[in-house]
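Participant: Below is the structure I would like to discuss, written out as structure tokens.
Chains as they are written, first to last, in the numbering used here: chain A, 1 to 329; chain B, 330 to 658.
Right, dumping it as structure tokens:
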């Protein structure tokens, strides 16, 4: 009912809606309305009330509440169920537990703050409260583990498109899982899977985007390497609008993915790649490779052309680009 | 304390141990001893008590209690922690939850009965109560998802060795995950992983062995295809002894695995394989392949030599052997 009252106020922007109208339209008592209004206020909604005039919505809080994100959301799969937390250890960890419990595909976990946000290989991902969009989505694609890199590729394309849509910023993709702007990290992707030998049970796709993170909110060691949409554009970006756009772009890409249009995704990826064509150093597990990042193959793996001409396929790793002076950064 | 009292009775097989001795040796009151004896009796231990003589252990129940399995267990990793249930949905499912909660490597989940035991690709695995050994073990090897088939290979070798050790039966391995006797299924392996793109977080290795399952306890549709140690040998086999042997053989193989002696495991596997050298039909995901099962490669995948001579690598699938009349079974 709280949701319905909020929706009714939203349908009348800047206008007062009388208690009688609310009561009549939603078949709810005046006392109940008042209680729901109080609850909304506690969540941060600024609602003015005037005797005889009624209630007027003045301001929506800067929170990633499911009802805000889902308001106008055009997806059929991704984000139809959104689990929201003010603070969470890691959205990926909760999503994995929910996945094991059988929640529907497309379920999204989002938190204002992560106390132990993670990147690849257990590395810390700074997730300060109220500034970013830290979310995970559960997918159940029919896929073999060897093809899991495709999901990261797909997600990267969706992030780039969402950012461009919401704030007009053209950003780059650094293989395998970083979204960058002027060489600095803007967003990261963490793809995790539960799988049998030859088939994936489910994927938890974590995406952390530094939306309104001010420079000083980054841990000191990241201030050099990280950036945010706020820093890049000089403007606050609506986190709700960004998350909504991200879910929509993810759905577009995921539908392409599931209907065997991965080539379309790959084309989008190549267009935004800052890695392809560069001389790179790739640090994988227990090995360091050097070469030219030639292309991404049909499984989403990086094809690295080594000095001797040999092509090596790499699933994931830490990439640094070769600078003119021969060093890597 | 219950465990200590049981151990004390076991150290004196066939003998009476006086309440005074128990009380003295374990610093526990006579009343407390009596309560623990009652608890043990409820678990199925037959303990005789005679005034003036004391307590005598007459029979140990046919249960996979951790204290029974761990009694004399020579491992350092596998089975140091054993979680026991009379009845469980699936030991793999519980092990996955425990893994996510961070339990130690080598933790074993065992159940007398599984209500929804699973094989590969979500297929049912009959797990009637009290007759089999349905267990899962948690492993945290440093491994890429592409190398996960090696874990199934390793487990198959351990199962074969445990069976031979406990009841002298020589059994075969049917790639990828079945242990067979005279063409009928004796045990199955289900390897599941939680992983990032290029590294495994953990593996849950499920092994179901039809130990004392009488033919009539199998679902009708499995009676043709399944067998058990009881059916094969005509004798009841101690499930506790088998599980203990299995944990020990798993540890031997896992230590070999972790110390880069996979070749040794592979040699053992090849020796017991009923698949290698055969003309087979392999039904993978969305494809059916025909050819000769030539070998297993260093990642644990099957190398299939097709009619045109081309070698194909298969991670998992359903194998049927070609019979003389050209049909597959």
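Quick reminder that beta carbons are idealized off the backbone N, C-alpha and C, glycines included.
Note that the structure is predicted; figures quoted are calculated from it, not measured.
1. Between residue 82 of chain A and residue 97 of chain A, is the Cβ-Cβ spacing less than 7 Å?
2. Evaluate contact between the stretch 138-158 of chain A and the stretch 190-206 of chain A, counting only Cβ atoms and requiring at least three cross-stretch pairs below 8 Å.
3. Residue 201 of chain A by DSSP, collapsed to three states: which one?
4. Residue 554 of chain B by DSSP, collapsed to three states: which one?
5. Going by the CB atoms, is the gap between residue 470 of chain B and residue 645 of chain B shorter than 7 Å?
6. If you pair each beta-carbon of the stretch 420-436 of chain B with each one of the stretch 456-470 of chain B, do three or more pairs fall below 8 Å?
7. According to the Cβ coordinates, are residue 75 of chain A and residue 243 of chain A closer than 7 Å?
8. Contact between the stretch 490-507 of chain B and the stretch 596-607 of chain B: three or more CB pairs below 8 Å?
9. Pull up the CB-CB distance for residue 62 of chain A and residue 117 of chain A, whole angstroms please, since I reckon it's below 8 Å.
10. With a threshold of 7 Å between beta-carbons, can residue 522 of chain B be considered close to chain A, or not?
11. Can you list the beta strand (DSSP E) stretches of 3 or more residues lying completely in the stretch 103-145 of chain A, in chain order?
12. Mind checking whether residue 628 of chain B and residue 476 of chain B have CB atoms under 7 Å apart?
13. According to DSSP, is residue 193 of chain A part of a helix, a strand, or is it coil?
14. Taking residue 292 of chain A as part of the beta strand (DSSP E), name the residues at either end of that continuous run.
15. Where do the N-terminal and C-terminal ends of the beta strand (DSSP E) with residue 84 of chain A fall, by residue?
16. Quick one, which of A:87, A:167, A:221, A:149 has its alpha-carbon nearest residue 526 of chain B's?
17. First and last residue of the alpha helix (DSSP H) that includes residue 614 of chain B?
18. Using 8 Å as the Cβ pair cut-off and three pairs as the minimum, do the stretch 537-545 of chain B and the stretch 353-370 of chain B touch?
19. Quick one: grab the DSSP three-state call for residue 360 of chain B.
20. Under a three-way DSSP split, which group does residue 74 of chain A fall into?
21. What in chain A is Cβ-close to residue 481 of chain B, meaning under 8 Å?
22. Cα separation between residue 283 of chain A and residue 292 of chain A?
23. Quick one: using the 10 Å Cβ neighbour count with 16 as the cut-off for buried, is residue 654 of chain B buried or exposed?
24. Do residue 548 of chain B and residue 428 of chain B have their CB atoms nearer than 7 Å?
25. Excluding the 5 residues preceding and the 5 following residue 346 of chain B in the sequence, name in chain order all residues of the same chain whose CB lies nearer than 8 Å to its CB.
26. Quick one: what's got a C-beta closer than 8 Å to residue 47 of chain A's C-beta in the same chain, skipping five residues either side?
27. DSSP three-state call for residue 303 of chain B: helix, strand or coil?
28. Would you mind reading off the limits of the alpha helix (DSSP H) that contains residue 597 of chain B?
29. Check each candidate in B:597, B:650, B:593 and name the one with the smallest Cα separation from residue 618 of chain B.
30. Would you mind reading off the limits of the alpha helix (DSSP H) that contains residue 154 of chain A?
31. Would residue 148 of chain A count as contacting chain B if we go by Cβ distances under 7 Å?
32. Any idea if residue 191 of chain A is buried or exposed, counting beta-carbon neighbours within 10 angstroms, 16 or more meaning buried?
33. In this structure, how does DSSP classify residue 275 of chain A when only helix, strand and coil are distinguished?
34. Are there 16 or more other CB atoms within 10 angstroms of the CB of residue 193 of chain A, so buried, or fewer, so exposed?
35. Does DSSP put residue 629 of chain B in a helix, a strand or coil?
36. Run down chain B in chain order and give the residues with a C-beta less than 8 Å from the C-beta of residue 96 of chain A.
Facilitator: In this structure, then:
1. no
2. In this structure the stretch 138-158 of chain A touches the stretch 190-206 of chain A; the number of beta carbon pairs closer than 8 Å is three or more.
3. strand
4. Residue 554 of chain B: coil per DSSP, three-state reduction.
5. no
6. Verdict: yes, contact present.
7. no
8. yes
9. Actually they do not touch by this definition, with Cβ atoms about 19 Å apart.
10. yes
11. 108-114, 133-139
12. yes
13. strand
14. Segment 288-296, the beta strand (DSSP E) holding residue 292 of chain A.
15. 82-88 is the span of the beta strand (DSSP E), which, as asked, contains residue 84 of chain A.
16. A:149
17. That residue, residue 614 of chain B, is in no alpha helix (DSSP H); it is neither H nor E in DSSP.
18. no
19. Helix, per DSSP.
20. coil
21. 197
22. 14 Å
23. exposed
24. no
25. 337, 338, 383, 384, 385
26. 9, 37, 40, 41, 55, 56, 57, 58
27. Beyond the ends of chain B as shown, which are 330 and 658, falls residue 303 of chain B; an answer cannot be given.
28. 591-601
29. B:650
30. Note, residue 154 of chain A: alpha helix (DSSP H), 149-167.
31. Under the Cβ criterion of 7 Å, residue 148 of chain A is counted among the residues facing chain B.
32. buried
33. For residue 275 of chain A, the three-state secondary structure derived from DSSP is coil.
34. buried
35. The answer is coil: DSSP assigns residue 629 of chain B none of H, G, I, E or B.
36. 429, 523
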